[in-house]
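A.B. asks:
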Amino acid sequence: MLTISPCYDITVRDLQRLRKEGHCVYRSSHAGNWSLYKLLLSEAGLPDCIWDATCIHRDVNNQPRCQIIAGRKIPLLGEDAPISKVDSKKYLTAYHWTKPGEETLARFHLAPLQKMYGDLITSQSRELMKFKSNLQKVFEIVEKHEPRLLGRYILPCGCMVNMVSQQGALVAECAHSGARLDHKDLAESAIGTLAEMERLFFDPKGYVPKGGAFYTFELVVACYYLWAYWRFGGRAVYELSGPDMLGYATKQDFVKKIENVLLLLRKHLPDLVPHRVDAKIVPATAFRFGYPEGNDQAKAVMIAHDKILRIQGVKREHLEVRRKELLECAPELQSLQCVINDKVDDIHRACDRVLSPLLATIKCFGRSWDLFHNPSRDAFFSQHDLAQSGKKMEILEGYLDVPFSILSRIMECHKSRIDKLTRAIIPERQLVDRGLGVLPHSR
Ligand SMILES: [Zn+2]
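Read in the numbering used here, the sequence shown has 23 at position 5, and its numbers run on one by one without any break.
1) Since T21 sits in a beta bridge, which residues does DSSP pair it with?
2) Could you compute how far the alpha carbon of G384 sits from the alpha carbon of V420?
3) The beta strand (DSSP E) with Q184 in it runs from where to where?
4) Helix, strand or coil: which one does DSSP assign to G136?
5) Return yes when the Cβ of R45 is within less than 9 Å of the Cβ of L20, no when it is not.
6) Mind reading off the beta-carbon distance from Y113 to H75? Whole number of angstroms is fine, and I expect it under 8 Å.
7) Which word fits Q185, buried or exposed, when buried means at least 16 other C-beta atoms lie within 10 angstroms of its C-beta?
8) Suppose the cutoff is 7 Å on Cβ atoms and the five residues either side in sequence are ignored; what does the same chain contact list for D77 look like?
9) Taking DSSP as the reference, what is the three-state secondary structure of S259?
10) Quick check: what's the CA-CA separation for Q270 versus I276?
11) Examine the Cβ distances between the stretch 305 to 312 and the stretch 190 to 200 and report whether three or more of them are shorter than 8 Å.
12) Span of the beta strand (DSSP E) holding W248?
13) Just the C-alpha distance for M411 and E430, rounded to the nearest angstrom, thanks.
14) According to the Cβ coordinates, are I466 and F157 closer than 9 Å?
15) Going by C-alpha distance, which of V273, G169, P227 is nearest K298?
16) Would you kindly work out how many angstroms separate the C-alpha atoms of K325 and L54, rounded to a whole number?
17) If we ignore side chains and look at the alpha-carbon of each, how far apart do S207 and G230 end up?
18) Express the C-alpha separation of V43 and M263 in angstroms, rounding to a whole number.
19) How many Å lie between R31 and L59 at the Cα?
20) How far does the alpha helix (DSSP H) with Q154 in it reach, from first residue to last?
21) Is it buried or exposed for P4, if we count other Cβ within 10 angstroms and need 16 for buried?
22) Can you grab the Cα-Cα spacing for the pair V160 / R170, in whole Å?
23) When every heavy atom of ligand 1 is checked, does at least one fall within less than 8 Å of the C-beta of H114?
24) With respect to 8 Å, is the separation between the Cβ of R176 and the closest non-hydrogen atom of ligand 1 below this value?
25) Would you be able to state if there are at least three C-beta pairs under 8 Å between the stretch 396 to 406 and the stretch 276 to 288?
26) Using alpha carbons as the reference points, say which of H194, S151, Q81, H293 lies closest to C175.
27) For V226, report the span of its beta strand (DSSP E) as first-last.
28) If we ignore side chains and look at the alpha-carbon of each, how far apart do Y266 and V339 end up?
29) Distance check for D221 and G119, CA to CA, integer angstroms please.
30) Alpha carbon to alpha carbon, how far is I413 from A62? Give it in angstroms, no decimals.
31) Looking at the structure shown, is I443 part of a helix, part of a strand, or coil, going by DSSP?
32) Taking all protein chains shown into account, decide if Y182 is buried (16 or more other Cβ within 10 angstroms of its Cβ) or exposed.
In structure tokens form, the structure reads like this:
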């Protein structure tokens, strides 16, 4: 009843159209610093449903415990935060305060996004609470038949742990606090936790967290598909994913686990569970189809990017023609590969001539805006930069019609080309002679 398949050959324009036609089209993101590609998708009008259970250390690609702004990382948690050193425990962004009693980490990162993109930014708790009575029925069935699916607990200090059974009750413990829960209160507690989560994401001021039972990952995913059905009907669900999701979500074991949850629920709640869920995962990370408005360096990078795209197009076309011609008139020709290689070299030389001045421009800006960054480590351009600039993301319309699979290939090609050219065409000496300084990575 459940299929989850990757969907590479789809464009941003397709997704915009599918959304208009009433499909569920969402990115699932985390509460943290958002890099360029997420900002571009929001700018293109694609909504984001943030996963509530964002963990401060584990969801490292968003570096939630600091604010990334102006190429710097500013720590957001006080010295006394119970998570001063990195460990494997799950500390939730919604429960850690940047200003005690006023603002949570989740709220801090969400506020500028909501200001810029309004209702395109939402969260699982917010969406599920719109269907509270349905969700109550789901959680009650789970409490009765498969309580382990509600087996996590969030303590008020912000630690998420697995509960254990002890003397007829469920017990949750972390290094800072503990709680006991009667089995019969499981569903009610889990509904309360989601309501609390929404509050901590969107309006935490003055709220004192109580914590409570929390649904496990399998149920989180199953509930997302149920919500999609309640809200959009039985159409295919499009999920724009980060690098992790495509890896696990299409594996047969994972699909089977989620399917079992849906089957259990369908048995008891046939009206609330569709007989079929068709989910399509769109890998949406390695691409750029725009840049922050008014940023000259970013613009220069995108111009180079665009030229490579065109040159590659011409190259491919040219090679195809040559190949056909040769095969038609002399299929036995042994030197085919060599003729093609000559052509490739010619084209590469032409390509380098066009790109080298552009690359020199890019390099002279330094690394304040970088096309390629490691989101778990680097200080990239974030929503905090964008909000502060009062500007928006500039989108190059033509790219919206290029499938994600090709967008990511362009990105790879661009990277290897820049690496090659910076080594071969613009040696450091030459940059220094032209007064463009030394490449930062050589320091
Ligand atoms: Zn704790």
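Every residue, glycine too, gets a C-beta built ideally from N, C-alpha and C. Values in this document were obtained by computation on a predicted structure and should not be read as measured data.
C.D. replies: Taking the geometry as given:
1) Translated into the one-based positions of the sequence shown, residue 21 becomes position 3. Note: T21 sits in a beta bridge opposite D296.
2) Position 366 of the sequence shown, counted from the first residue, corresponds to residue 384. Position 402 of the sequence shown, counted from the first residue, corresponds to residue 420. In this prediction, G384 scores a pLDDT of 47, lower than 50, which makes its location untrustworthy; no coordinate-derived value is stated.
3) Along the sequence shown, read from residue 1 onward, the residue named residue 184 stands at position 166. Where Q184 is concerned, the enclosing beta strand (DSSP E) stretches over 182 to 184.
4) Stepping through the sequence shown from its first residue, residue 136 is reached at position 118. Helix, per DSSP.
5) Sequence index remark: in the sequence shown, residue 20 carries index 2 (1-based). Sequence index remark: in the sequence shown, residue 45 carries index 27 (1-based). No, the Cβ-Cβ distance between L20 and R45 is not below 9 Å.
6) The residue labelled residue 113 in the question sits at position 95 within the sequence shown. The residue labelled residue 75 in the question sits at position 57 within the sequence shown. Not quite, the Cβ-Cβ distance comes to about 14 Å (not below 8 Å), so this is no contact.
7) Here residue 185 corresponds to residue number 167 of the sequence shown, with the count starting at 1. Q185 is exposed by the Cβ-count criterion.
8) Looking up residue 77 in the sequence shown gives position 59. These residues qualify, in order along the chain: H48, G50.
9) In the sequence shown, residue 259 corresponds to position 241, counting from 1. The answer is strand: DSSP assigns S259 an E or B state.
10) The residue labelled residue 270 in the question sits at position 252 within the sequence shown. The residue labelled residue 276 in the question sits at position 258 within the sequence shown. If you take the alpha carbons of Q270 and I276, they lie about 10 Å apart.
11) no
12) Counting from one through the sequence shown, the residue named residue 248 turns up at place 230. That residue, W248, is in no beta strand (DSSP E); its alpha helix (DSSP H) goes 235 to 250.
13) Residue 411 sits at position 393 when you count from the first residue of the sequence shown. Residue 430 sits at position 412 when you count from the first residue of the sequence shown. Taking the straight line from one Cα to the other gives about 22 Å.
14) The first residue shown for the chain is 19 and the last is 461, placing residue 466 beyond what the model contains.
15) On the sequence shown, position 280 is the one that residue 298 refers to. Among V273, G169, P227, the Cα nearest to that of K298 belongs to V273.
16) Within the sequence shown, numbered from 1, the residue matching residue 325 stands at position 307. Within the sequence shown, numbered from 1, the residue matching residue 54 stands at position 36. Distance between the alpha carbons of K325 and L54 is about 20 Å.
17) Your numbering for residue 207 matches position 189 in the sequence shown. Your numbering for residue 230 matches position 212 in the sequence shown. Roughly 5 Å separates the two Cα atoms.
18) Here residue 263 refers to the residue found at position 245 when the sequence shown is read from its first residue. Here residue 43 refers to the residue found at position 25 when the sequence shown is read from its first residue. Rounded to the nearest angstrom, the two C-alpha atoms are 15 Å apart.
19) Translated into positions along the sequence shown, residue 31 becomes position 13. Translated into positions along the sequence shown, residue 59 becomes position 41. Between R31 and L59, the C-alpha separation is close to 11 Å.
20) Stepping through the sequence shown from its first residue, residue 154 is reached at position 136. First-last of the alpha helix (DSSP H) with Q154: 150 to 163.
21) No answer is possible for residue 4: the residues shown for the chain start at 19 and end at 461.
22) Along the sequence shown, one-based indexing puts residue 160 at 142. Along the sequence shown, one-based indexing puts residue 170 at 152. Taking the straight line from one Cα to the other gives about 13 Å.
23) Start at 1 with the first residue of the sequence shown, and residue 114 comes out as number 96. H114 Cβ: outside cutoff for every heavy atom of ligand 1.
24) As a first step, residue 176 is located in the sequence shown; it is residue number 158 there, counting from the start. Looking at the sequence itself, residue 176 is Gly, so the reference to Arg does not match. It does: the Cβ of G176 is within 8 Å (strictly closer) of some heavy atom of ligand 1.
25) no
26) Within the sequence shown, numbered from 1, the residue matching residue 175 stands at position 157. Cα-wise, what sits closest to C175 is H194.
27) The count along the sequence shown starts at 1 and reaches residue 226 at position 208. First-last for V226: undefined, no H or E at that position.
28) Walking along the sequence shown from the start, residue 266 turns up at place 248. Walking along the sequence shown from the start, residue 339 turns up at place 321. Computed Cα separation, rounded: 41 Å.
29) What you label residue 119 is simply residue 101 of the sequence shown in a count that begins at 1. What you label residue 221 is simply residue 203 of the sequence shown in a count that begins at 1. Computed Cα separation, rounded: 11 Å.
30) Position 44 of the sequence shown holds residue 62. Position 395 of the sequence shown holds residue 413. Spanning the two alpha carbons is a distance of roughly 8 Å.
31) Residue mapping note: residue 443 aligns to position 425 of the sequence shown, counting from 1. In this prediction, I443 has a pLDDT of 44, which is less than 50 and means its spatial position is unreliable; nothing more can be read from the coordinates.
32) Numbered from 1 along the sequence shown, position 164 holds the residue referred to as residue 182. Note that residue 182 is Val in the sequence shown here, rather than Tyr. V182 is exposed by the Cβ-count criterion.
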